[in-house]
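Worksheet: one structure, shown below.
Structure representation (structure tokens):
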């Protein structure tokens, strides 16, 4: 328990604080015999890392992964894969002012109350820095399932939303702009918005949509470990996430059965896909698609009231380097979590063969 | 694994199909010494059971729980509590026509593909009947935490939505009408809508909002077992659920940091509560509130095309007794799942004392 | 947690006290499509049940299993199998004298201290009655692996031990006598011993040896879930067990490497088998064999001092119906636990294909 | 799953191969607020490390632990503790001759069959090198329970056995000799034996006894996670272990009930302790004591037949640096595993308060 492991058969356990020596993890259960493409793994890391563009935090970390075990002569051995990522660019001085201060809408207060002790520097374990480890594991999980295509993209920033259904998007364009929106025109508007928000010293929320194609039929373990329930938990565990919906989502709650039902084609595929590729908690072969809502990051570079350890309200000026909008860097994290869930369920599915 | 257990320390494992001999479960980890109020448990069952009103399915089941162990002289012993609920009113003949037919947007197809064999009667294990077991366990979990108030209610049916914020609602009114909406005027409109939908032989979706008050600070296990992530998984595991959001939810994705941050009062409480009572995945003492989206039930009493086992599209007339809207009966299930999650996290929290 | 589940993929959860309404369990993860032989299951139950012969407890229970789910048209559906066994022959009055008394070397004292409340009748949850549920699940697990032969037998009672190596025994003789020893001459001596012990109102310990043949290579999950470690835990969880050894066991601790090493034949089998069929925690295809030590049952029908709840030493006369030696009835339990472990590891092994 | 984690609430996950870059682990669930004594941790490592004396392997590793997270200003934060130990003295050339050869009674054959790929150098993941990580975690666990005394010692080497009951031993003498036997005279004989065995190029087995004092009452989770069952699994997971017994162990199987029962004193303690401090799977406050049997290490420095990957029997000369007897270095590993089990159960026990 204690919340630092994800998965049952393909299991990731992580450690590490924002300003500690290093972060890292252990992947237990990766099948043997996979030729790892280390460049592809580092590429996923680069998609997530801070300092990558002008619309994210300016903390510069190379986020280079060092693998310590579980790989021999380029192939996974089936034994646990241990890895570390060293923190190189901590500016802990930026955080000395919050040593005894709880910033609003941060985890400072709850961590202190829960554990009685808190590494306040950079947010400690509550910082999104630990998501780098999820991306490493997700990148390896992806290599377990080369036929499955997992593609996430920014679907909204503040009030600017992609209106087109995903089928009309060209995913190859997602990486062509720093906000990772596959529609160039909407991407432009999003980037402008984020820059303006940054200038204000403020932050803004947004949503990520993810589409998964070529999923085999039969993944999911009813009644409690339904595929979409595990995907939901995976996404909700990412920092700043406030909501998850799949298929028709909250819109489906407004629909009638005759409108919502997906009728069959004779080969088992369906004419519509309000289900989002999952029926009764089990994948049915159609595209799985879901949306994740991110709140605006709590650290704003403006004056805000905070609470100190003695119970006084104190004025605090936000410091440190921060993301005005976390969504562009969340894309590879969302994909990584989806890959981790699928890896687990693919291995579970093998019991039924 | 295999998906039929929920929880780590307070753990529920269930069994049972819609038309099998019985459904039931085992609760492992309920602390010893609790005087069980069996009437309260049966009362929760009655809130969920079929045949309770004119706007739900007309299958009549008493849903009487029989406890087989784990209770001695009225108190829990700390040993596992086994219970069964016998099915009495199966009309299996109603399902003979789907023996080799996959109904659209039902789990027939995916269960067949996954397991290779399917109890088609009443939907077998995929039927919402198993949720009765969740309500038993949730009712017991509730008795573990008498100070915590878990209150769910119908917040929308189709396009009819409660507009008031929850703080303005009188929860004591929730049980005063069959749709379980605490605003009488909105309830009326919802009931009319459902009756009209039923007449059409159709179904409609809706949403449930749940408010949890008096939650102690410190519940939640970052980074993967964050409190809201586990709540999300719990709700998404309920039949027909398409979405989950907590606190500001999807609306929060449109907000700025300065608007969204909850500023502190000097006692640690917050002036606003966009967080939804959870920060960094850990409860902070403020109300936890979340919303769950339910799609329209797939079984419509109209003609629809279905797929048979030989790959032919066949016309099928919906039969059996069905809910035009599943939301009113989902209220006690949502509360039960919330109680199960809290029970687990309350026990985990004790390690830190 | 809370200790009432065994297994990860093929998982058994049980409930039930000696004098409660019923005992039972849920098997989650049994693959779909197995035609269950219910007679074979009941046959295993009959090998374990009380009242089966003159050298065991005289409590008469039919131990009839009722299956409530997970089976349709004779085949497992892959959904959880719920079952109950009703207690019919409780003589709770026999236990009223121990209501506030802790019997020596029983679990009365520790259960009271741990839980604060205790169902004292028949030993409550601490009674070996719950092992009936393990036998049900083990019987089903066995049907998942028809080629694997799991055969346990009594290898010693008190100081009377089988001297022959197992390869010289005819296992078909095990069920030919009430002490379940495949060597008729040794069996006779064991039976006489037990009858004499019973006349004394005393009890005696013994050992069970188990041989498993035709195990596929590759079962086991180093480094912590080694096959023999899980087998050891499984056996040690059975009431009255004090020790477990496999292969050369404690004798191996006295040997030299050149004596102990098993040299290979060219097909991968080995000339000797001190390993006991497991190397590095993984099965190697050779026979797995292990031995389990059972202490004498604590309930003796003689006067003994006990401790009461107020801290007084009180003289107590043993009552109730008891086993003078638990070993004959333990044979099917040992086989059942071995089957449960193998079922789990067989399913895990499938991930590697 | 996949076998590389131990524990539920206090959970250790490890990685690393004998000749890989590093070994290491993550401890998840260590309570916050413990001032770690790093010297004490390194001291435990030194008790385990290779090259420590003339009667163990001559591979020299400093086994220096580097902590990467989970500790702040000297105290545990309640967040995961990640650590690594770099391998410095691999002589991989010593192993090139076994690249395609399976050594008798080693895990070469089974690892190859299970995973299809094998890091053969130094035995890869199957090497006892990974036990260094267990000692790190066990050392931290010990610091969670300062009042509990866990003391292991060598009780036999080959046929040389300590005859005295443990109560007559002075544990402070255990570290006074390289074989870690608290009886100096027996220690001498053991050391001579091991030296002679080493000269022969052979290896010898032995046993370790462990005594745990001041254990609180109430630890253990019947019916499957009984304290002694988990201790047994923990010990059996250590390399080369063939058997586990606790309390009266296999001797108890020869005793009568009237001889074996532990009568009470009026304060709840017992006059004798055949139980070994555990009743019904739950600790009763008396000393817990158990014995672990170790087979002779399989690597002998003599010629032996081995099997190659093409199915030929080949003569092989043992190379590399090896332990003639693994028992002296196993003492800290046995203590570490005992501490890990107790840490887990101590945290679980808190739910009952």
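Residue numbers (the numbering used here), protein chains in the order written: chain E, 783 to 1135; chain F, 783 to 1135; chain A, 783 to 1135; chain Z, 783 to 1135.
Glycine included, each C-beta is placed from N, C-alpha and C at the ideal position.
What in chain A is Cβ-close to residue 924 of chain E, meaning under 8 Å?
Chain A residues near residue 924 of chain E: none, gap ~18 Å exceeds 8 Å.
Which bits of chain E does residue 791 of chain A rub up against, with CB to CB less than 7 Å?
Within chain E, the residues near residue 791 of chain A are 1133.
DSSP beta-bridge partners for residue 1007 of chain A?
For residue 1007 of chain A, which the question treats as bridged, DSSP gives the partners A:1003.
My output table needs one value for residue 1040 of chain E: the three-state DSSP class, helix, strand or coil.
Residue state, collapsed to three classes: helix.
Name the chain A residues whose beta carbon is nearer than 9 Å to that of residue 797 of chain F?
What residue 797 of chain F touches in chain A: 808, 809, 810, 850, 851, 852, 861, 862, 863, 864 and 865.
Who are residue 991 of chain Z's beta bridge partners in DSSP?
In DSSP, residue 991 of chain Z forms a bridge with Z:935 and Z:1073.
Just checking: is the beta-carbon of residue 956 of chain F within a distance shorter than 9 Å of some beta-carbon in chain A?
For residue 956 of chain F, the answer is no, since every Cβ of chain A falls outside 9 Å of its Cβ.
Let me check one thing: in DSSP terms, what residues is residue 891 of chain E bridge-paired to?
Looking at the DSSP assignment, residue 891 of chain E forms no beta bridge with any residue, so it has no partner.
Compute the distance between the beta-carbons of residue 998 of chain F and residue 1063 of chain F, then report whether it is under 9 Å.
No, the Cβ-Cβ distance between residue 998 of chain F and residue 1063 of chain F is not below 9 Å.
Output the residue ranges of the beta strand (DSSP E) runs that lie fully inside the region 896–947 of chain Z and measure 3 residues or longer, sorted by chain position.
If we require 3 residues or more, the beta strand (DSSP E) runs fully inside the region 896–947 of chain Z come out as 931–939.
For residue 933 of chain F, does the count of other Cβ atoms within 10 angstroms reach 16, so buried, or fall short, so exposed?
Under this definition residue 933 of chain F is a buried residue.
Which chain F residues are close to residue 1089 of chain Z, counting only those with a beta carbon under 9 Å from its beta carbon?
By Cβ distance, chain F contributes nothing, its closest Cβ being about 36 Å from residue 1089 of chain Z, past 9 Å.
Per DSSP, residue 1089 of chain A is paired with what?
Partner(s): A:884 and A:1095.
How many angstroms separate the CA atom of residue 866 of chain Z from the CA atom of residue 826 of chain Z?
Each residue's alpha carbon lies about 15 Å from the other.
Identify every run of the beta strand (DSSP E) within the region 951–993 of chain A, keeping only runs that are complete inside it and at least 3 residues long; order them along the chain.
DSSP runs (the beta strand (DSSP E)) wholly in the region 951–993 of chain A: none.
Taking beta-carbon pairs under 8 Å, can you tell me which members of the region 1079–1108 of chain F lie near chain E?
If the cut-off is 8 Å between Cβ atoms, the region 1079–1108 of chain F has 1079, 1080, 1081, 1082, 1084, 1086, 1087, 1088, 1089, 1093, 1094 and 1095 near chain E.
If you reduce the DSSP assignment to three classes, tell me which class residue 792 of chain Z lands in.
If DSSP states are grouped into helix, strand and coil, residue 792 of chain Z belongs with coil.
Let me see if you follow: with CB-CB separation under 9 Å, is residue 890 of chain A close to chain F or not?
So, not an interface residue.
Please name the residue, chosen from F:919, F:926, F:852 and F:979, that lies closest to residue 1041 of chain E on a Cα-to-Cα basis.
Minimum Cα distance to residue 1041 of chain E is reached at F:979.
DSSP on residue 1104 of chain E, reduced to helix/strand/coil?
Correct three-state label for residue 1104 of chain E: coil.
Under a three-way DSSP split, which group does residue 1035 of chain E fall into?
Coil at residue 1035 of chain E, not helix or strand.
Taking only runs of the beta strand (DSSP E) that begin and end inside the region 785–845 of chain Z, which ones reach a length of at least 3 residues, in chain order?
Those beta strand (DSSP E) runs which fall completely within the region 785–845 of chain Z and span 3+ residues are 793–797 and 804–810.
Please confirm whether any heavy atom of the ligand HEM lies closer than 8 Å to the CB of residue 788 of chain E.
Within the structure as shown, the ligand HEM is missing, as the structure has no ligands at all.
What are the boundary residues of the beta strand (DSSP E) that residue 855 of chain A is part of?
Looking at the DSSP string, residue 855 of chain A is not in any beta strand (DSSP E), and its letter there is neither H nor E.
By how many angstroms is the C-alpha of residue 972 of chain A removed from the C-alpha of residue 838 of chain A?
For residue 838 of chain A and residue 972 of chain A, the distance between alpha carbons rounds to 13 Å.
Using the beta-carbon count (16 or more within 10 Å), is residue 817 of chain F buried or exposed?
Label assigned to residue 817 of chain F: exposed.
Please report the residue range of the beta strand (DSSP E) in which residue 848 of chain A lies.
847–849 is the span of the beta strand (DSSP E), which, as asked, contains residue 848 of chain A.
In terms of residue numbering, what span does the beta strand (DSSP E) encompassing residue 863 of chain A cover?
Here the beta strand (DSSP E) through residue 863 of chain A covers 863–868.
Taking the alpha carbon of residue 864 of chain A as the reference point, which residue from A:821, A:841, A:793 and A:928 has its own alpha carbon closest?
Cα-wise, what sits closest to residue 864 of chain A is A:793.
By the criterion of Cβ-Cβ separation under 9 Å, what are the contact partners of residue 1048 of chain Z in chain A?
Those are 1089, 1093, 1094 and 1095, listed as they occur along chain A.
Give every residue of the same chain whose Cβ lies closer than 6 Å to the Cβ of residue 984 of chain Z, excluding the five residues on either side of it in the sequence, and list them in chain order.
1082, listed in sequence order.
Hey, could you find the ends of the beta strand (DSSP E) residue 1023 of chain F is sitting in?
Unbroken beta strand (DSSP E) run through residue 1023 of chain F: 1023–1028.
Tell me whether the beta-carbon of residue 799 of chain F lies closer than 9 Å to the beta-carbon of residue 903 of chain F.
In this structure, residue 903 of chain F lies closer than 9 Å to residue 799 of chain F by Cβ.
Going by beta carbon distance, what residues of the same chain come within less than 8 Å of residue 1088 of chain E, once the five residues before and after it are set aside?
Within the same chain, residue 1088 of chain E has close Cβ partners 880, 883, 884, 885, 886, 1095, 1096, 1097 and 1098.
Let's see if you can read the secondary structure: which residues bound the alpha helix (DSSP H) around residue 1109 of chain E?
Unbroken alpha helix (DSSP H) run through residue 1109 of chain E: 1109–1131.
Can you have a look at residue 912 of chain A and say buried or exposed, based on whether 16 or more other CB atoms are within 10 angstroms of its CB?
Buried is the call here.
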